[in-house]
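Undergrad:
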Amino acid sequence: MKFSKDHEWVNLDGDIATVGITAYAADQLGDVVFVELPVAGKSVKAGDGLAVVESVKAASDVYAPVTGEVTAANPALGDNPETVNDQPEGAGWFVKLKIADPTQLDGLMDRAAYEDYLKSL
Amino acid sequence: MLSAESRPGALTPVPDQPLKTTILDPAHRALKARMVAFAGYDMPVQYEMGVLKEHLWTREHAGAFDVSHMGPCFLDLATSGGDPEERHQAVASLIEPLVSGDIAGLKPGKLRYTLLLNEDGGILDDLMIGRPSDPKFQGRLYIVVNAGTKEADLELIAQAAGRAARLSRADDGGLIAVQGPDAADVVGKLFPQSRSLSFMTFERMPMEKRTVRVSRSGYTGEDGFELLAPTTAADDLWQRLLQDDRVRPIGLGARDSLRLEAGLPLYGHDLDPTVSPVEAGLAFAVSKKRLKAGAVRGAERIRAELDGGATRVRVGLKVLEGAPAREGAQIVEAGWAHLGQVTSGGFSPSLGYPIAMGFVPPAWSAPGTQLTVEVRGRGQAAEVVALPFVPHRYRRPA
Chain A
0 MKFSKDHEWV NLDGDIATVG ITAYAADQLG DVVFVELPVA GKSVKAGDGL
50 AVVESVKAAS DVYAPVTGEV TAANPALGDN PETVNDQPEG AGWFVKLKIA
100 DPTQLDGLMD RAAYEDYLKS L
Chain B
0 MLSAESRPGA LTPVPDQPLK TTILDPAHRA LKARMVAFAG YDMPVQYEMG
50 VLKEHLWTRE HAGAFDVSHM GPCFLDLATS GGDPEERHQA VASLIEPLVS
100 GDIAGLKPGK LRYTLLLNED GGILDDLMIG RPSDPKFQGR LYIVVNAGTK
150 EADLELIAQA AGRAARLSRA DDGGLIAVQG PDAADVVGKL FPQSRSLSFM
200 TFERMPMEKR TVRVSRSGYT GEDGFELLAP TTAADDLWQR LLQDDRVRPI
250 GLGARDSLRL EAGLPLYGHD LDPTVSPVEA GLAFAVSKKR LKAGAVRGAE
300 RIRAELDGGA TRVRVGLKVL EGAPAREGAQ IVEAGWAHLG QVTSGGFSPS
350 LGYPIAMGFV PPAWSAPGTQ LTVEVRGRGQ AAEVVALPFV PHRYRRPA
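Shown next, in the form of structure tokens:
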């Protein structure tokens with residue numbers, strides 16, 4: 000699993016990257032009440048808005064950590080947005096992206112580097 | 000991520016000036032509150048439970064809120080002596096020209112919700128004005144204004160009072176709201192006399208050797224109290240409240256979602272200097288007698304709007320699909336003609352769906368009217384519903 004400075008995680012399996020937000024991000028947001036996800040087939044570039052996550056008190060953008068095409072959005076988040084808080088780095092995933100260039104993950108942090116980064120905040 | 004368009008957080012955070020803190024600041028830090036800037040103060044937006052649970056806890060038990068950033072103050076006649084009723088009339092006559100309500104007619108011990116108006120009848124603030132019950136304190140008014148408008152309000156009131164009365168601030172102490180179905184019992188244990196207060200009355204009550212002003216009022220729609228404690232008693236009072244198992248500390252996040260469900264407007268969001276009492280659905284706060292006499296600022300506009308001349312009115316909206324519609328979201332009709340915009344909105348923890356308040360022309364304001372709200376460029380179905388969204392549970396006199 001790799002991590003972005005914007006607190007997204009990416010897990011690569013073949014050419015499919017699963018993307019979600021980190022436990023730190025979920026905690027900062029508080030109780031998630033709604034997640035707006037892209038439709039399958041949408042192309043996104045790294046840094047583009049990918050999703051919007053709403054807590055009771057605010058709406059926050061989630062950016063694509065890598066470039067790719069959306070192949071799936073997590074259907075469980077429609078009825079159970081709280082899954083993002085309960086299992087942010089597992090069942091609370093946001094989207095799956097088909098990526099052409101796996102080397103783009105090289106620019107992201109591994110877990111140890113991400114944890115150091117959190118300490119620096 | 001985390002480029003939050005965060006709420007609550009608006010209302011004039013003064014740049015380059017250090018945030019002010021309330022007297023309970025160390026207590027918030029000890030409770031590991033998450034702090035945010037609000038109206039120039041560093042305030043707890045949530046504690047460890049989080050907004051959703053804090054909200055529900057208040058509806059089911061009792062929440063304690065630090066609202067010491069608000070502007071409690073006293074207006075006292077400069078002269079002493081004289082008949083108590085005449086003294087009340089004299090102090091009321093100083094502030095009444097600024098506000099919408101009947102202050103002269105306040106009975107001893109009563110608190111009134113009223114509006115500070117500009118010459119056009121636009122709302123400069125919503126505030127509470129109380130008349131002490133004690134005959135020896137007649138000629139005094141207890142006033143509580145909003146945090147974001149505090150300095151401007153106090154200046155207006157002091158100007159109106161001139162040399163006839165002295166305005167003294169009480170915002171160095173603690174103002175603590177205790178709200179929820181268990182509030183009466185919690186506060187009753189500390190202040191036995193509080194049990195006999197009904198909604199919108201207040202009284203001075205002793206806590207050991209100190210005096211706390213206890214009012215039966217609040218901003219959640221629940222039964223509850225607001226307690227004004229002097230600097231020497233504020234922290235002690237907060238700790239005593241939290242010692243009760245039924246009480247949890249509640250941050251500004253849940254305060255906002257609770258007042259939204261209760262249909263209560265928030266100054267700077269639902270109310271501003273362009274909005275009139277009639278547009279805001281607050282005509283009840285305008286004295287009919289004073290309006291008839293033309294003694295309320297903007298009387299002509301207010302009368303015309305009461306006669307059907309309003310171009311917009313505040314409504315409640317149930318968002319039927321999709322994301323919460325927050326402040327600034329456009330309200331349109333099915334054909335996409337612009338109708339108005341959302342002034343407060345979010346997810347309702349008690350109801351489990353998004354709700355909002357906003358302004359629309361009167362023809363679109365009847366409950367059941369189907370509208371569309373635009374969230375991030377997408378139309379979502381919404382329906383006008385009666386306010387409040389969640390019924391009030393005030394303790395009204397029998």
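Residue numbers (numbering that gives the first Met the number 0), protein chains in the order written: chain A, 0 to 120; chain B, 0 to 397. Glycine is no exception: its CB is placed at the ideal position from the N, C-alpha and C atoms.
DSSP on aspartate 60 of chain A, reduced to helix/strand/coil?
TA: Three-state DSSP puts aspartate 60 of chain A in a strand.
Undergrad: Which residues bound the beta strand (DSSP E) around tryptophan 8 of chain A?
TA: 7-12
Undergrad: Does DSSP classify aspartate 115 of chain A as helix, strand or coil?
TA: helix
Undergrad: Run through chain B and tell me which residues come within less than 8 angstroms of aspartate 85 of chain A, C-beta to C-beta.
TA: Within 8 angstroms Cβ-Cβ: nothing; aspartate 85 of chain A doesn't reach chain B, min ~13 angstroms.
Undergrad: Cβ closer than 8 angstroms: which chain B residues qualify as neighbours of valine 51 of chain A?
TA: Ala322, Arg375
Undergrad: Can proline 276 of chain B and leucine 114 of chain B be called in contact, C-beta distance under 7 angstroms?
TA: With respect to leucine 114 of chain B, proline 276 of chain B sits close: the two C-beta atoms are nearer than 7 angstroms.
Undergrad: Identify the continuous alpha helix (DSSP H) that holds lysine 288 of chain B and give its terminal residues.
TA: 287-291
Undergrad: Find the nearest neighbour of arginine 296 of chain B within the set B:Asp65, B:Phe64, B:Gly120, judged by alpha-carbon distance.
TA: B:Gly120
Undergrad: Could you name each continuous alpha helix (DSSP H) segment of 4 residues or more that falls completely within the region 47-119 of chain B, going from the start of the chain to the end?
TA: 50-59, 83-94
Undergrad: With a threshold of 16 other CB atoms inside 10 Å of the CB of glycine 173 of chain B, please say whether the residue is buried or exposed.
TA: buried
Undergrad: Could you compute how far the alpha carbon of aspartate 75 of chain B sits from the alpha carbon of leucine 140 of chain B?
TA: 7 angstroms
Undergrad: According to the neighbour-count rule (16 or more other Cβ atoms, all chains shown, within 10 Å of its Cβ), is threonine 21 of chain B buried or exposed?
TA: buried
Undergrad: Determine the chain A residues that contact proline 348 of chain B at a beta-carbon separation under 7 angstroms, and present them in chain order.
TA: Val55
Undergrad: Out of B:Pro17, B:Leu18, B:Glu202, state which residue places its alpha-carbon closest to the alpha-carbon of phenylalanine 136 of chain B.
TA: B:Glu202
Undergrad: If leucine 153 of chain B sits next to arginine 168 of chain B, beta carbons under 8 angstroms apart, how far is it from one beta carbon to the other, in whole angstroms?
TA: 7 angstroms
Undergrad: What is the C-beta distance between methionine 34 of chain B and alanine 146 of chain B, in whole angstroms, given that I count them as a contact (C-beta under 8 angstroms)?
TA: Actually they are not in contact, since the Cβ atoms of methionine 34 of chain B and alanine 146 of chain B sit about 15 angstroms apart, beyond 8 angstroms.
Undergrad: Report the option in B:Leu257, B:Leu265, B:Gly250, B:Gly357 whose CA atom is closest to the CA atom of glycine 351 of chain B.
TA: B:Leu257
Undergrad: Check distances from the C-beta atoms of the region 19-49 of chain A to those of chain B and list, in chain order, the residues that come in under 7 angstroms.
TA: Ile20, Ala24, Gln27, Gly29, Asp30, Val32, Phe33, Glu35
Undergrad: The region 36-52 of chain B: which residues have C-beta closer than 8 angstroms to a C-beta of chain A, in chain order?
TA: Val44, Gln45, Gly49, Val50, Leu51, Lys52
Undergrad: Any heavy atom of the ligand GTP closer than 6 angstroms to the CB of leucine 23 of chain B?
TA: The ligand GTP is absent from the structure shown, which contains no ligands of any kind.
Undergrad: Determine, using beta carbons only, whether serine 256 of chain B comes closer than 7 angstroms to chain A.
TA: Yes, because at least one Cβ of chain A sits closer than 7 angstroms to the Cβ of serine 256 of chain B.
Undergrad: With a threshold of 7 angstroms on Cβ separation, who are the neighbours of phenylalanine 346 of chain B within its own chain once the five nearest residues in sequence on each side are excluded?
TA: Pro323, Pro353
Undergrad: Does any CB atom of chain A fall closer than 7 angstroms to the CB of glycine 220 of chain B?
TA: No, glycine 220 of chain B lies away from the interface with chain A (no Cβ there is under 7 angstroms from its Cβ).
Undergrad: Taking the alpha-carbon positions, what's the isoleucine 15 of chain A to alanine 71 of chain A distance?
TA: 10 angstroms
Undergrad: Verify whether the separation of the beta carbon atoms of serine 343 of chain B and leucine 240 of chain B is less than 7 angstroms.
TA: no
Undergrad: Three-state secondary structure (DSSP) at histidine 391 of chain B?
TA: coil
Undergrad: What does glycine 345 of chain B touch in chain A if you count any residue whose Cβ is under 8 angstroms from its own?
TA: What glycine 345 of chain B touches in chain A: Val55, Lys56.
Undergrad: On the premise that glutamate 88 of chain A lies in contact with threonine 21 of chain A, defined as a C-beta separation below 8 angstroms, what is that separation, rounded to the nearest angstrom?
TA: Right, the Cβ-Cβ distance comes to about 7 angstroms (below 8 angstroms), so this counts as a contact.
Undergrad: With a 10 Å radius around its C-beta and 16 neighbouring C-beta atoms as the bar for buried, classify glutamine 192 of chain B as buried or exposed.
TA: exposed
Undergrad: Measure from the C-beta of glycine 252 of chain B to each C-beta in chain A and report whether the shortest distance is under 7 angstroms.
TA: yes
Undergrad: Starting from valine 264 of chain B, follow the beta strand (DSSP E) in both directions and report where the run begins and ends.
TA: For the sequence presented, residue 264 of chain B should be read as proline rather than valine. Note, proline 264 of chain B: premise wrong, no beta strand (DSSP E); not H, not E.
Undergrad: Let me check understanding here. Comparing Cα to Cα, which of B:Val285, B:Leu123, B:Val177 lies closest to glycine 217 of chain B?
TA: B:Val177
Undergrad: Can you grab the Cα-Cα spacing for the pair proline 229 of chain B / aspartate 235 of chain B, in whole Å?
TA: 10 angstroms
Undergrad: Since phenylalanine 33 of chain A sits in a beta bridge, which residues does DSSP pair it with?
TA: A:Glu53
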